[in-house]
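Participant: Sharing a structure here in structure tokens format.
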Amino acid sequence: MAERTLRGARLGGQSFEDERGIEFAARQQVGYRCTHGHDFEITMSVEADVPAVWECPRCGAEGLSTSGIERVEKAEKPVRTHWDMLLERRSEKELEDILKERLDLLRGGEIGPAHLHRPTKKRSRTTV
Ligand SMILES: [Zn+2]
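Going by this note's numbering, the sequence shown opens with residue 191, and the numbers climb by one from there.
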């Protein structure tokens, strides 16, 4: 069996590794310079979102892009709070109305913790 498998293959005659048909992703060299003056290049896909900073392979310091890629400050994208998201859906007036409605129900024993439910109310078990 092994003999048969080897029969057609001449040693050193041809490589079984064939790069035909393989498409290499397009690459680019991105330059950086660290705070100690070390220049280095990182190979990246042209499709990569090139970062503005890269750790220097020689000293570990932060290397800044030498190809003009600006560091994006986090302050440019303010964090949306729960309150911001709420205001995108309801106006403050609406929220006040909802709050008042819920407070009335709470004070009337309709909603809230079970021990606050008024037993005399017909719909005291109503949950929301
Ligand atoms: Zn360095």
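In this text, a Cβ means the ideal position worked out from N, Cα and C, and glycines have one as well.
Nothing here was measured: the structure is a model prediction, and the numbers come from that model.
Could you pull out every residue in the same chain whose Cβ sits closer than 6 Å to the Cβ of D294, ignoring the five residues on either side in sequence?
Facilitator: none
Participant: Could you please give the first and the last residue of the uninterrupted beta strand (DSSP E) stretch that includes E282?
Facilitator: It is not in any beta strand (DSSP E) - E282 instead sits in the alpha helix (DSSP H) that spans E282 to R297.
Participant: Is there a C-beta anywhere in chain D that falls below 8 Å from the one on E291?
Facilitator: Here chain D cannot be found, since the structure has a single protein chain.
Participant: Can you check DSSP and say which residues form a bridge with F230?
Facilitator: Y222
Participant: What is the DSSP secondary structure of A192, reduced to helix, strand or coil?
Facilitator: Low confidence applies to A192: its pLDDT is 49, below 50, so where it sits in the model is not reliable, and the reading given next is rough at best. It is helical.
Participant: Taking all protein chains shown into account, decide if C246 is buried (16 or more other Cβ within 10 angstroms of its Cβ) or exposed.
Facilitator: buried
Participant: Could you have a look at E252 and say whether DSSP puts it in helix, strand or coil?
Facilitator: strand
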